[in-house]
Amino acid sequence: MDNPALPRVRLDDLENLARRADTVIGRLRDRIYAPGTEKKLDLRFPVRRAAEMVGRSEKAIRDAEDDGRLPMPDKDPETGRRTGYELADINRMRALFGTLPHRADSDEALVLAVQNFKGGVGKSTVVCHLAQYLALKGYRVCVIDCDSQASTTSVFGLNPDVDVDEDEDTLYPFFRHGGPTSLHYALRATYWPGIALIPANLGLYDAEYEFAARMVREQSFVLDRLRDGIATIRDQFDVILMDPPPALGMLSLSVLRAADALVIPAPPNNIDFGSTAHFLKMMGATLKELAAAGGPRDYAFLRILATKMNDNKSAHTAIKRMMDAVFPMDMMSAVLKDSAEFDNAAADLGTVYEITGPATRTETHKRCRAYLDSVNREIELLIRKTWPSHHADLRKEGLL
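So for the sequence shown, full-length UniProt numbering puts the first residue at 1; every next one is plus one.
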């Protein structure tokens, strides 16, 4: 019975609401993905910063340019001054001087999942910034977007609704019966040197149904399909990062089976901490059940990362202390604190590492960059410890 004081919300009303939301999203995407606005990396590094990144002196770089081992840098046509080096130039220098940090051929690329079954914990933020941090260091990185919301795909410059075909470009074809036997078909170069992407879009959600149908139809263990696919591209990269959906579904379970290591982002508040505790409990029980069918899986490391931390909130500091007490060996030392800079970058579907110009000189940016570098440096060290070829250098650095 209708109530004139509170009209019922009908299906037509929901559809109208969805249309209006689509209009807003469309306007935002028209601005960000407008013709002629293809995303590019605008980072430029002066020679002093380049020398730090390469691990050689400014003189060594200039000498290599003078004798033709390196190309001469671009110069401003009006002032004649150097305009700085791009990341591709930095990697060319690293290759010349032998300072690229790649794993040895005898080491395996590390497959790292940033995973939590709770949404809104900073999962995609961690994946995108970690990928770019590693690329700045000179590593070869692959990012696999396993989430049909495709946030990571958008950050790396692709419009999921236009630039990504669910039948050709995402993981979905690989999961279908009779699909490709390798993931090479889905790899895309990005505007970041050193980062390749396997994108996602809303159609990837159908993979959940495909998994279920195949398990019933074939009576086989299909949750290692992703793991097998990653094995076909593994030798091209140093690190493979996976951004799974925030749910306990077939894709999330496949990610857990494919990963060599896990980082679990968890904001220090009661609801998110409770969800993380449930995630750990469910993960343990589920992996135990899956091991009976597909064999056991273990991890090189598992770390819990406190995200969205606000030191001015007493509840955050109290719960963070509790997390440190409950997980003394598993909490990361670094904390990813909350910052308006993440919102500033996300307004243009970008990251903090992509911000350039005067905005990089603000205290807000410097603090946020310091938080990110601290978190990513700690994860980088964990990654390097999995590579025996890096152990001698780590011992020299006092890190092993």
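Heads up, the beta-carbon is just placed ideally off N, CA and C, and yes, glycines get one too.
Values in this document were obtained by computation on a predicted structure and should not be read as measured data.
Check whether the Cβ atoms of residue 299 and residue 336 sit closer than 7 Å, and answer yes or no.
Position 299 of the sequence shown holds residue 299. Position 336 of the sequence shown holds residue 336. Contact flag unset, no.
Per DSSP, the bridge partner or partners of residue 302:
The count along the sequence shown starts at 1 and reaches residue 302 at position 302. Answer is 262.
What first and last residue would you give for the alpha helix (DSSP H) that runs through residue 372?
Here residue 372 refers to the residue found at position 372 of the sequence shown. Counting along the chain, the alpha helix (DSSP H) containing residue 372 begins and ends at 363-385.
Could you check the C-alpha separation between residue 66 and residue 60 for me, to the nearest Å?
For the purposes of this step, residue 66 is identified with residue 66 of the sequence shown, where counting begins at 1. For the purposes of this step, residue 60 is identified with residue 60 of the sequence shown, where counting begins at 1. So the alpha carbons of these two residues sit roughly 10 Å apart.
Between which two residues does the alpha helix (DSSP H) containing residue 90 stretch?
As a first step, residue 90 is located in the sequence shown; it is residue number 90 there, counting from the start. That run of the alpha helix (DSSP H) goes 87-97.
From what residue to what residue does the beta strand (DSSP E) around residue 197 run?
Locating residue 197 in the sequence shown gives position 197, counting from the first residue. Start and end: 195-198.
Expressed to the nearest angstrom, what Euclidean distance is found between the alpha-carbon atoms of residue 405 and residue 394?
Look at the range of the chain in this structure, 1 to 400, and you will see that residue 405 is not part of it.
Below 7 Å between beta carbons: does that hold for residue 263 and residue 305?
Your numbering for residue 263 matches position 263 in the sequence shown. Your numbering for residue 305 matches position 305 in the sequence shown. Contact flag set, yes.
Quick one: what does DSSP say residue 404 is sitting in, helix, strand or coil?
Because the chain spans 1 through 400 in this model, residue 404 falls outside it and cannot be assessed.
Expected contact under 8 Å - CB spacing of residue 201 and residue 150 to nearest Å
On the sequence shown, position 201 is the one that residue 201 refers to. On the sequence shown, position 150 is the one that residue 150 refers to. Their Cβ separation, rounded to whole angstroms, is 5 Å, which keeps residue 201 and residue 150 in contact under 8 Å.
Assigned secondary structure, residue 162 (DSSP; H/G/I helix, E/B strand, else coil):
Reading the sequence shown from its first residue, position 162 is the one you call residue 162. Coil at residue 162, not helix or strand.
Check the C-beta distance from residue 69 over to residue 75 and give it rounded, since I have them as a contact under 8 Å.
Residue mapping note: residue 69 aligns to position 69 of the sequence shown, counting from 1. Residue mapping note: residue 75 aligns to position 75 of the sequence shown, counting from 1. With a Cβ gap of about 19 Å, residue 69 and residue 75 do not count as contacting.
Would you give the residue range spanned by the alpha helix (DSSP H) that residue 247 belongs to?
Sequence index remark: in the sequence shown, residue 247 carries index 247 (1-based). First-last for residue 247: undefined, no H or E at that position.
Please name the residue, chosen from 154, 226 and 294, that lies closest to residue 180 on a Cα-to-Cα basis.
Within the sequence shown, residue 180 is the residue found at index 180, counting from 1. The shortest Cα separation from residue 180 among 154, 226 and 294 belongs to 226.
Give every residue of the same chain whose Cβ lies closer than 7 Å to the Cβ of residue 254, excluding the five residues on either side of it in the sequence, and list them in chain order.
Here the question's residue 254 lines up with position 254 in the sequence shown. Here the set comprises 223, 225 and 226.
By alpha-carbon positions, which one of 274, 215, 153 and 356 ends up nearest to residue 44?
One-based indexing of the sequence shown puts residue 44 at position 44. The residue with the shortest Cα to Cα distance from residue 44 is 356.
Rounded separation between residue 101 and residue 267 - CA only
In the sequence shown, residue 101 corresponds to position 101, counting from 1. In the sequence shown, residue 267 corresponds to position 267, counting from 1. Each residue's alpha carbon lies about 32 Å from the other.
Please classify residue 140 as buried or exposed, where buried requires at least 16 neighbouring CB atoms within 10 angstroms.
Working through the sequence shown from its first residue, we reach residue 140 at position 140. That one is buried.
For residue 132 and residue 126, I'd like the C-alpha separation in whole angstroms.
Sequence index remark: in the sequence shown, residue 132 carries index 132 (1-based). Sequence index remark: in the sequence shown, residue 126 carries index 126 (1-based). Spanning the two alpha carbons is a distance of roughly 10 Å.
Assuming residue 147 contacts residue 245 under a Cβ cut-off of 8 Å, what Cβ separation, rounded to an integer in Å, is found between them?
As a position in the sequence shown, residue 147 is number 147, starting the count at 1. As a position in the sequence shown, residue 245 is number 245, starting the count at 1. Contact flag correct, Cβ pair sits at about 4 Å.
What's the gap between the Cα of residue 308 and the Cα of residue 24?
The residue labelled residue 308 in the question sits at position 308 within the sequence shown. The residue labelled residue 24 in the question sits at position 24 within the sequence shown. The straight-line gap from Cα to Cα measures roughly 27 Å.
How should residue 51 be labelled, buried or exposed, when 16 other C-beta atoms within 10 angstroms of its C-beta is the threshold for buried?
In the sequence shown, counting from the first residue as 1, residue 51 sits at position 51. Residue 51 is buried by the Cβ-count criterion.
Whole angstroms is fine: what's the gap from residue 215's alpha carbon to residue 382's?
In the sequence shown, residue 215 corresponds to position 215, counting from 1. In the sequence shown, residue 382 corresponds to position 382, counting from 1. Those two C-alpha atoms are separated by around 35 Å.
Residue 388 and residue 107 look like a contact to me (Cβ under 8 Å); what is the Cβ gap, rounded to whole Å?
One-based indexing of the sequence shown puts residue 388 at position 388. One-based indexing of the sequence shown puts residue 107 at position 107. Yes, they are in contact, since the Cβ atoms of residue 388 and residue 107 sit about 6 Å apart, within 8 Å.
Residue 98, buried or exposed, once every other Cβ within 10 Å from all chains shown has been counted against 16:
Reading the sequence shown from its first residue, position 98 is the one you call residue 98. With fewer than 16 Cβ atoms within 10 Å of its Cβ, residue 98 is classed as exposed.
Are the stretch 228-238 and the stretch 177-195 touching by the rule of at least three beta carbon pairs closer than 8 Å?
yes
Determine the direct distance from the alpha carbon of residue 10 to that of residue 138, and round the result to whole angstroms.
To locate residue 138, count along the sequence shown from 1; it is residue 138. To locate residue 10, count along the sequence shown from 1; it is residue 10. If you take the alpha carbons of residue 138 and residue 10, they lie about 54 Å apart.
Taking DSSP as the reference, what is the three-state secondary structure of residue 396?
Mapped onto the sequence shown, residue 396 falls at position 396. Helix at residue 396.
Are the stretch 114-130 and the stretch 265-285 in contact at 8 Å, needing three or more beta carbon pairs?
yes
Cα-Cα separation, residue 62 to residue 41
On the sequence shown, residue 62 is found 62 positions in, with the first residue counted as 1. On the sequence shown, residue 41 is found 41 positions in, with the first residue counted as 1. Near 24 Å, if we compare the C-alpha coordinates of residue 41 and residue 62.
Around the Cβ of residue 16, are there at least 16 other Cβ atoms within 10 angstroms (buried) or fewer (exposed)?
Taking the first residue of the sequence shown as position 1, residue 16 is located at position 16. Counting Cβ neighbours within 10 Å, residue 16 comes out exposed, since fewer than 16 surround it.
Is residue 272 near residue 375, with beta carbons less than 7 Å apart?
As a position in the sequence shown, residue 272 is number 272, starting the count at 1. As a position in the sequence shown, residue 375 is number 375, starting the count at 1. Not closer than 7 Å, so no.
Which whole-angstrom value is the C-beta distance of residue 259 and residue 283, which I expect to be below 8 Å?
Residue 259 sits at position 259 when you count from the first residue of the sequence shown. Residue 283 sits at position 283 when you count from the first residue of the sequence shown. Not quite, the Cβ-Cβ distance comes to about 11 Å (not below 8 Å), so this is no contact.
Residue from 297, 323 and 291 whose Cα sits closest to the Cα of residue 274:
Position 274 of the sequence shown, counting from 1, holds the residue named residue 274. When only C-alpha atoms are compared, the closest one is 323.
At which residues does the alpha helix (DSSP H) containing residue 114 begin and terminate?
Translated into the one-based positions of the sequence shown, residue 114 becomes position 114. Premise fails: residue 114 lies in the beta strand (DSSP E), 110-114, not in any alpha helix (DSSP H).
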